[in-house]
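Residue numbers (this note's numbering), protein chains in the order written: chain A, -11 to 285; chain B, 48 to 336.
Yeah, the Cβ is synthetic: ideal placement off N, Cα and C, and Gly gets one too.
This structure is a prediction, so every number in the text was calculated from the model and none was measured.
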């Protein structure tokens, strides 16, 4: 069918062929334009829906109101923000060393066969749905923590589940960054008689640093935006956590919990927290992208 | 000489310590994975049967099966793919074949896709609720859930198809141009078929992402667990079903375990097929160059 006349473009071909190509070009351009507008639409609708709250409630009140009782007109988002940030930073603290060690294992320590199997396993871990992580946390992890220190559903459970969820992101991006280290650096260092850990610490990690940091930022974005798994294991009490064993509620979990019955200003306040999440994640992924680009320059 | 020997010993010991740490981290990750998988299989395998797969849920899901839930899942997935596939692949074709990498239009599209890839799923849920369910008046329906998912799938479909098209050797394009084949025909009959394994792998990744999604569907396709009559009916997906059983239904743990097992097995199958395709695609790429 390639040989049908319609598909041949030669100087003598009819104008029909040219218009076919132009048509195709415009069609593709329209599709690409549509795909690109999805982000704008999302931002537009988040802003549009949170506008009532931003107009009626001063920005400071989201931090200074006595509590989060939207029905009575009190909109303090600070405990939820602290819940989100403490869960995400706790998970990052745990997952970064584990993820980088996993990447080192794949890149430098394991035999090719073992490395392949381990990589597959990490990829499978990345594919487990968040609701399944949450369910496992609820049925296994929370009772275990409960034995240690009631009530079980706590910041700690959220941190542990989030760690499992973002570890694959960090491990796979760090591995990709380590693969990008030029072989002659490593061989040169080995020829100087530097020990294996010396090579990794002095040569491999510094030259893969930007890639690893970009991966950690992507993981941070994921940890901040994660909803279902965190919602299922953290207990969802609106409070500043005093210890790891206190229940907390994150911004994302708050949206998922209250969206079903929220009205008017309450609904708008939830969209404000959604907008906050979106801007946080955009800043993080923008920084990760910027790091990724500057690495190639 | 007397200084270097203890120095070497320290290095040797530190090397050993690091090696031991790295190995134990790898072991820890493997053990956790086995723990999770083992728990899910142990909790769900006894409840799994053909009847469970085809029956509709009764008594809020405590009894009966997941038949209607599976139907809703497939319908939502079909809506999402029908919208996202043409849009995503057309965008990828434009980015890979038609616009130069440094043109402002190409950069703008690429940047917005990159941002879209990072948007949290709960934000997609808010957007879908505000735009599809309320602004466009679709209500809590399979249609609005599917369209929300389509927005989520765009980045993954575009990036895989873009990479697949870029991996097609330039010799193909040059030969086609030398033969006087039009660009449209080159794209449709030569480049897209050559990139087909990558397109298929991306499609499967997208399917995997879609059936794992919960947060974006809570306020768009809703909770209703009966058999959907039309695309404008509300319907719950398997992931939402697991969430509802474990959080809102006391005594729902056993069916939740079984549903989670079904979901994981489906994802595993999709993953294996996608890996096969990706591996075959890489091998072919090496042969043809």
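Under the 8 Å Cβ criterion, the region 149 to 166 of chain A counts as touching the region 190 to 204 of chain A, having at least three qualifying pairs.
Residue 228(A) carries a coil assignment under DSSP once its states are collapsed to helix, strand and coil.
Its Cα nearest to that of residue 275(B), the residue 122(B) stands out among 102(B), 101(B), 85(B) and 122(B).
Sequence-distant partners of residue 51(A) (beyond 5 residues in either direction) whose C-beta falls short of 6 Å from its own C-beta, in its chain, are 66. Contact between residue 116(B) and residue 288(B) is confirmed by a C-beta separation of about 5 Å, below the 8 Å threshold. For residue 280(B), the closest of 269(B), 55(B) and 145(B) by C-alpha to C-alpha distance is 269(B). Note on geometry: alpha-carbon atoms of residue 63(B) and residue 77(B) lie some 21 Å from one another. With a contact defined as Cβ atoms closer than 8 Å, residue 83(A) and residue 11(A) miss out at about 49 Å.
In the three-state reduction of the DSSP assignment, residue 274(B) falls in the coil class. Under the 8 Å Cβ criterion, the region 68 to 88 of chain A counts as touching the region 141 to 153 of chain A, having at least three qualifying pairs.
With a contact defined as Cβ atoms closer than 8 Å, residue 234(B) and residue 140(B) qualify at about 6 Å.
Residues 266 of the same chain have their beta carbon placed closer than 8 Å to that of residue 173(B), with the five preceding and five following residues left out of the count. Against chain B, the CB of residue 74(A) has no partner CB under 8 Å away; the residue lies outside that interface.
Contacts between residue 138(B) and chain A, judged by CB atoms closer than 7 Å, involve 19, 20 and 23 in chain order. Taking C-beta separations shorter than 6 Å and ignoring five residues to either side along the sequence, the partners of residue 310(B) in its chain run 285, following chain order.
Between residue 178(B) and residue 33(A), the gap from beta carbon to beta carbon is short of 8 Å. Here residue 206(B) is buried: its Cβ has 16 or more other Cβ atoms, across all protein chains shown, within 10 Å. No residue range can be given for residue 60(A), since it is assigned to no alpha helix (DSSP H) and is classified by DSSP as neither H nor E.
Within the same chain, and ignoring the five residues on either side of residue 191(B) in sequence, the residues whose Cβ sits closer than 7 Å to its Cβ are 175, 179, 180, 185, 267 and 268. C-alpha of residue 103(B) to C-alpha of residue 111(B): approximately 6 Å in a straight line. Contact between the region 39 to 47 of chain A and the region 240 to 259 of chain A is established, with three or more Cβ pairs separated by less than 8 Å. Contacts with chain B at 8 Å (Cβ-Cβ) include residue 127(A). Of all residues in the region 255 to 279 of chain A, the ones placed with a Cβ closer than 8 Å to any Cβ belonging to chain B are 258, 259, 262, 265, 266, 269, 270, 272, 273, 274 and 277, in chain order. Within chain B, no C-beta atom comes nearer than 8 Å to that of residue 68(A); the closest sits roughly 13 Å away. One Cα belongs to residue 182(A), the other to residue 200(A), and the distance between them is close to 23 Å. In terms of beta-carbon proximity, residue 183(B) stays away from the interface with chain A, with every pair separated by 8 Å or more. Beta-bridge annotation (DSSP): residue 110(B) is paired with 105(B).
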